[in-house]
Amino acid sequence: MTIYVGPKRKEFIVHKKLLCESADYFKGAFTRDFKEARKGEMYMPEDSPGAFSLYVDWLYRSAIPMANTEDHLHNLYELYFLAEKLCLVVLKDKTMDSIQDMALKYGLKDELITPELITKVLNNTSTRQDRLRSFCVWQMVFVYTKRSLDESEEGEDSESEYESTFAEPGSIVLLKKDMRKVFQIGRNNFRFLDDFVIRLSGQAQVGTNNIIDPRERNEKDADDRCYFHCHKQSFNCRPSQDAEAGGSFVRKVEGNGSV
838 MTIYVGPKRK
848 EFIVHKKLLC
858 ESADYFKGAF
868 TRDFKEARKG
878 EMYMPEDSPG
888 AFSLYVDWLY
898 RSAIPMANTE
908 DHLHNLYELY
918 FLAEKLCLVV
928 LKDKTMDSIQ
938 DMALKYGLKD
948 ELITPELITK
958 VLNNTSTRQD
968 RLRSFCVWQM
978 VFVYTKRSLD
988 ESEEGEDSES
998 EYESTFAEPG
1008 SIVLLKKDMR
1018 KVFQIGRNNF
1028 RFLDDFVIRL
1038 SGQAQVGTNN
1048 IIDPRERNEK
1058 DADDRCYFHC
1068 HKQSFNCRPS
1078 QDAEAGGSFV
1088 RKVEGNGSV
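Numbering of the sequence shown is given in our numbering, commencing with residue 838 and proceeding in unit increments.
Written as C-alpha coordinates, this is what we have:
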(Lines of atoms letter the chains of each structure in order from A and count residues from 1; the text may use other names and numbers.)
(Lines give C-alpha, C1' and ligand atoms only; values in the text may rest on other atoms or scores of the structure.)
Protein backbone atom coordinates (compact mmCIF):
# COMPACT_ATOMS: atom_id res chain seq x y z
CA MET A 1 0.00 0.00 0.00
CA THR A 2 1.14 3.57 -0.66
CA ILE A 3 0.83 6.17 2.08
CA TYR A 4 1.38 9.85 1.32
CA VAL A 5 2.30 11.74 4.48
CA GLY A 6 2.52 15.45 5.21
CA PRO A 7 1.60 18.51 3.15
CA LYS A 8 4.31 17.63 0.59
CA ARG A 9 2.98 14.07 0.32
CA LYS A 10 6.09 12.09 1.10
CA GLU A 11 5.59 8.56 -0.24
CA PHE A 12 5.84 5.40 1.86
CA ILE A 13 5.20 1.90 0.54
CA VAL A 14 4.19 -0.52 3.30
CA HIS A 15 2.81 -4.05 3.25
CA LYS A 16 -0.96 -4.06 3.67
CA LYS A 17 -0.90 -6.92 6.18
CA LEU A 18 1.46 -5.05 8.51
CA LEU A 19 -0.57 -1.86 8.34
CA CYS A 20 -3.90 -3.54 8.94
CA GLU A 21 -2.61 -5.69 11.80
CA SER A 22 -1.01 -2.69 13.49
CA ALA A 23 -4.03 -0.40 13.77
CA ASP A 24 -7.80 -0.45 13.22
CA TYR A 25 -7.35 2.95 11.55
CA PHE A 26 -5.67 1.26 8.57
CA LYS A 27 -7.70 -1.94 8.78
CA GLY A 28 -10.93 0.01 8.40
CA ALA A 29 -9.61 1.99 5.44
CA PHE A 30 -8.03 -0.88 3.49
CA THR A 31 -10.41 -3.79 4.11
CA ARG A 32 -13.73 -2.10 3.37
CA ASP A 33 -15.23 -0.59 0.26
CA PHE A 34 -13.54 2.77 0.63
CA LYS A 35 -11.55 4.63 -2.02
CA GLU A 36 -8.33 3.88 -0.07
CA ALA A 37 -8.93 0.15 -0.48
CA ARG A 38 -9.87 0.46 -4.14
CA LYS A 39 -6.85 2.60 -5.05
CA GLY A 40 -4.41 1.04 -2.58
CA GLU A 41 -3.31 4.41 -1.24
CA MET A 42 -4.01 6.84 1.56
CA TYR A 43 -3.27 10.50 2.23
CA MET A 44 -2.27 11.69 5.71
CA PRO A 45 -1.57 15.41 5.12
CA GLU A 46 -1.66 16.44 8.79
CA ASP A 47 0.91 13.91 9.97
CA SER A 48 4.70 14.14 10.12
CA PRO A 49 6.76 12.25 7.50
CA GLY A 50 9.59 11.93 10.01
CA ALA A 51 7.26 10.35 12.54
CA PHE A 52 5.73 8.03 9.96
CA SER A 53 9.21 6.89 8.95
CA LEU A 54 9.82 5.89 12.58
CA TYR A 55 6.45 4.16 12.61
CA VAL A 56 7.47 2.08 9.58
CA ASP A 57 10.73 1.18 11.36
CA TRP A 58 8.69 0.01 14.33
CA LEU A 59 6.36 -2.02 12.09
CA TYR A 60 9.18 -3.92 10.41
CA ARG A 61 11.75 -4.12 13.21
CA SER A 62 9.71 -3.77 16.41
CA ALA A 63 12.15 -1.05 17.44
CA ILE A 64 12.55 2.72 17.23
CA PRO A 65 16.00 3.85 16.03
CA MET A 66 18.18 6.16 18.11
CA ALA A 67 19.70 9.38 16.75
CA ASN A 68 21.28 12.53 18.17
CA THR A 69 19.61 15.33 16.21
CA GLU A 70 16.98 17.89 17.14
CA ASP A 71 14.90 16.70 14.19
CA HIS A 72 14.88 13.18 15.62
CA LEU A 73 13.69 14.46 19.00
CA HIS A 74 10.84 16.34 17.34
CA ASN A 75 10.02 13.26 15.27
CA LEU A 76 9.74 11.20 18.47
CA TYR A 77 7.19 13.65 19.86
CA GLU A 78 5.32 13.52 16.55
CA LEU A 79 5.47 9.71 16.64
CA TYR A 80 3.82 9.80 20.05
CA PHE A 81 1.05 11.98 18.59
CA LEU A 82 0.65 9.55 15.70
CA ALA A 83 0.40 6.64 18.14
CA GLU A 84 -2.26 8.60 20.02
CA LYS A 85 -4.19 9.09 16.78
CA LEU A 86 -3.92 5.38 15.93
CA CYS A 87 -4.78 4.31 19.51
CA LEU A 88 -1.54 2.32 19.80
CA VAL A 89 -0.71 2.17 23.50
CA VAL A 90 2.30 -0.10 22.96
CA LEU A 91 3.84 2.35 20.49
CA LYS A 92 3.17 5.29 22.80
CA ASP A 93 5.02 3.49 25.59
CA LYS A 94 7.94 2.52 23.37
CA THR A 95 8.16 6.09 22.11
CA MET A 96 8.14 7.39 25.66
CA ASP A 97 11.05 5.06 26.48
CA SER A 98 12.90 6.34 23.40
CA ILE A 99 12.43 9.96 24.46
CA GLN A 100 13.79 9.17 27.92
CA ASP A 101 16.71 7.18 26.52
CA MET A 102 17.69 9.87 24.02
CA ALA A 103 17.38 12.61 26.63
CA LEU A 104 19.56 10.77 29.12
CA LYS A 105 22.17 9.61 26.60
CA TYR A 106 22.73 13.08 25.12
CA GLY A 107 22.10 15.12 28.26
CA LEU A 108 18.99 16.87 26.92
CA LYS A 109 17.23 19.19 29.35
CA ASP A 110 15.66 22.39 28.04
CA GLU A 111 15.50 20.85 24.56
CA LEU A 112 12.68 18.59 25.83
CA ILE A 113 10.49 21.39 27.15
CA THR A 114 10.60 24.30 24.75
CA PRO A 115 7.32 26.27 24.64
CA GLU A 116 6.90 25.05 21.06
CA LEU A 117 7.12 21.37 22.04
CA ILE A 118 4.99 21.75 25.17
CA THR A 119 2.28 23.51 23.20
CA LYS A 120 2.34 20.70 20.63
CA VAL A 121 2.00 18.13 23.41
CA LEU A 122 -0.98 19.96 24.91
CA ASN A 123 -2.67 20.29 21.51
CA ASN A 124 -2.10 16.69 20.42
CA THR A 125 -2.90 14.68 23.54
CA SER A 126 -6.41 14.05 24.76
CA THR A 127 -6.28 14.19 28.56
CA ARG A 128 -4.29 15.87 31.30
CA GLN A 129 -3.39 12.38 32.59
CA ASP A 130 -1.50 11.66 29.36
CA ARG A 131 1.95 10.40 30.22
CA LEU A 132 3.92 12.58 27.77
CA ARG A 133 2.19 15.59 29.30
CA SER A 134 3.20 14.35 32.72
CA PHE A 135 6.77 13.74 31.59
CA CYS A 136 7.03 17.31 30.30
CA VAL A 137 5.72 18.73 33.58
CA TRP A 138 8.17 16.59 35.60
CA GLN A 139 11.01 17.62 33.28
CA MET A 140 10.20 21.31 33.67
CA VAL A 141 10.20 21.05 37.44
CA PHE A 142 13.46 19.08 37.37
CA VAL A 143 15.27 21.49 35.03
CA TYR A 144 13.99 24.70 36.60
CA THR A 145 14.60 23.56 40.18
CA LYS A 146 18.11 22.34 39.35
CA ARG A 147 18.97 25.55 37.49
CA SER A 148 17.73 27.72 40.34
CA LEU A 149 19.85 25.84 42.87
CA ASP A 150 22.92 25.84 40.61
CA GLU A 151 22.73 29.57 39.97
CA SER A 152 22.08 30.28 43.63
CA GLU A 153 25.21 28.32 44.59
CA GLU A 154 27.20 30.34 42.05
CA GLY A 155 26.08 33.55 43.74
CA GLU A 156 23.81 34.70 40.94
CA ASP A 157 20.48 36.45 41.54
CA SER A 158 17.84 33.77 42.00
CA GLU A 159 14.99 36.24 41.36
CA SER A 160 12.62 34.74 43.91
CA GLU A 161 9.53 36.84 43.15
CA TYR A 162 7.35 33.79 42.47
CA GLU A 163 8.43 31.70 45.45
CA SER A 164 5.30 32.06 47.60
CA THR A 165 3.06 31.26 44.63
CA PHE A 166 4.25 27.69 44.17
CA ALA A 167 5.83 26.42 47.37
CA GLU A 168 6.19 27.04 51.05
CA PRO A 169 8.60 29.94 51.76
CA GLY A 170 12.16 28.67 51.74
CA SER A 171 11.35 25.48 49.81
CA ILE A 172 11.88 25.93 46.07
CA VAL A 173 12.72 29.24 44.43
CA LEU A 174 12.49 29.38 40.66
CA LEU A 175 14.04 31.94 38.36
CA LYS A 176 11.84 34.57 36.74
CA LYS A 177 13.05 33.62 33.28
CA ASP A 178 11.80 30.06 33.83
CA MET A 179 8.51 31.13 35.39
CA ARG A 180 7.86 33.36 32.38
CA LYS A 181 8.03 30.23 30.20
CA VAL A 182 5.54 28.47 32.48
CA PHE A 183 3.13 31.40 32.32
CA GLN A 184 3.62 31.73 28.57
CA ILE A 185 2.31 28.19 28.15
CA GLY A 186 -0.16 28.24 31.03
CA ARG A 187 -2.02 31.40 30.02
CA ASN A 188 -3.84 29.35 27.40
CA ASN A 189 -3.98 26.11 29.35
CA PHE A 190 -4.82 26.45 33.04
CA ARG A 191 -4.80 22.69 33.57
CA PHE A 192 -1.15 22.63 32.56
CA LEU A 193 -0.44 25.44 35.04
CA ASP A 194 -2.28 23.53 37.75
CA ASP A 195 -0.32 20.35 37.00
CA PHE A 196 2.94 22.29 37.18
CA VAL A 197 2.01 23.72 40.58
CA ILE A 198 1.06 20.27 41.90
CA ARG A 199 4.32 18.74 40.68
CA LEU A 200 6.44 21.59 42.05
CA SER A 201 4.72 21.23 45.41
CA GLY A 202 5.43 17.50 45.32
CA GLN A 203 9.12 18.16 44.68
CA ALA A 204 9.14 20.69 47.52
CA GLN A 205 7.81 18.00 49.88
CA VAL A 206 10.62 15.64 48.84
CA GLY A 207 13.18 18.42 49.25
CA THR A 208 15.91 19.82 47.06
CA ASN A 209 18.44 17.19 48.13
CA ASN A 210 16.54 14.65 46.03
CA ILE A 211 15.57 16.31 42.75
CA ILE A 212 13.86 13.63 40.70
CA ASP A 213 15.11 13.27 37.13
CA PRO A 214 12.25 11.98 34.92
CA ARG A 215 14.71 10.95 32.19
CA GLU A 216 15.92 8.11 34.40
CA ARG A 217 14.06 4.86 34.97
CA ASN A 218 14.92 1.70 36.84
CA GLU A 219 14.32 -1.23 34.48
CA LYS A 220 14.29 -3.65 37.41
CA ASP A 221 11.42 -1.81 39.09
CA ALA A 222 8.10 -2.22 37.26
CA ASP A 223 6.53 0.82 38.94
CA ASP A 224 9.42 3.09 38.07
CA ARG A 225 10.10 1.97 34.50
CA CYS A 226 6.41 2.20 33.61
CA TYR A 227 5.60 5.45 35.38
CA PHE A 228 5.31 7.34 32.08
CA HIS A 229 3.62 4.48 30.26
CA CYS A 230 -0.03 4.52 29.17
CA HIS A 231 -0.83 0.83 29.64
CA LYS A 232 -3.01 -0.39 32.47
CA GLN A 233 -1.29 -0.65 35.81
CA SER A 234 -1.91 -4.41 35.95
CA PHE A 235 -0.14 -4.96 32.60
CA ASN A 236 3.52 -5.96 32.69
CA CYS A 237 5.26 -4.66 29.57
CA ARG A 238 8.53 -6.41 30.50
CA PRO A 239 7.36 -9.91 31.55
CA SER A 240 10.85 -11.38 31.11
CA GLN A 241 12.11 -9.11 33.88
CA ASP A 242 9.59 -10.28 36.48
CA ALA A 243 12.16 -12.30 38.38
CA GLU A 244 14.47 -9.33 38.67
CA ALA A 245 11.83 -6.73 39.58
CA GLY A 246 12.76 -5.00 42.81
CA GLY A 247 11.08 -2.52 45.08
CA SER A 248 13.59 0.28 44.98
CA PHE A 249 12.12 3.60 43.92
CA VAL A 250 8.53 4.60 43.24
CA ARG A 251 7.67 8.12 42.18
CA LYS A 252 5.18 9.91 44.40
CA VAL A 253 1.71 10.54 42.98
CA GLU A 254 0.27 13.82 44.23
CA GLY A 255 -3.38 14.61 44.66
CA ASN A 256 -6.07 12.43 43.11
CA GLY A 257 -4.18 11.39 40.02
CA SER A 258 -0.81 10.94 38.37
CA VAL A 259 0.98 14.11 37.42
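Quick reminder that beta carbons are idealized off the backbone N, C-alpha and C, glycines included.
Only a predicted model underlies this, so the values are computations on that prediction, with no experimental measurement involved.
For Phe-1020, the enclosing alpha helix (DSSP H) starts and ends at 1013-1023. The beta carbon of Glu-883 is closer than 7 Å to none in its chain, skipping five residues each way along the sequence. CA-to-CA, the gap between Arg-875 and Gln-1040 works out to about 55 Å.
Setting aside the 5 residues that flank it on each side, Asn-912 is surrounded in the same chain by Ser-885, Gly-887, Ala-888, Ser-890, Leu-891, each with a C-beta closer than 8 Å to its C-beta; the list follows chain order.
Measuring C-alpha to C-alpha distances from Ile-1048 to each of Phe-1020, Asn-1026, Met-977 identifies Met-977 as the nearest. When only Cα atoms are considered, Tyr-862 and Leu-855 end up about 12 Å apart. C-alpha of Pro-902 to C-alpha of Leu-949: approximately 18 Å in a straight line.
Put simply, the backbone Cα of Ala-1059 is about 25 Å away from that of Phe-1033.
Per DSSP, the unbroken alpha helix (DSSP H) holding Met-939 starts and ends at 926-942. According to DSSP, Val-842 shares a beta bridge with Lys-847, Met-881. Assignment of Glu-1056 by DSSP, reduced to helix, strand and coil, places it in the coil class.
At a Cβ-Cβ threshold of 8 Å, Arg-984 and Leu-1012 count as neighbours. With contacts defined as CB atoms closer than 8 Å, Val-927 and Val-893 fail to qualify as a contacting pair.
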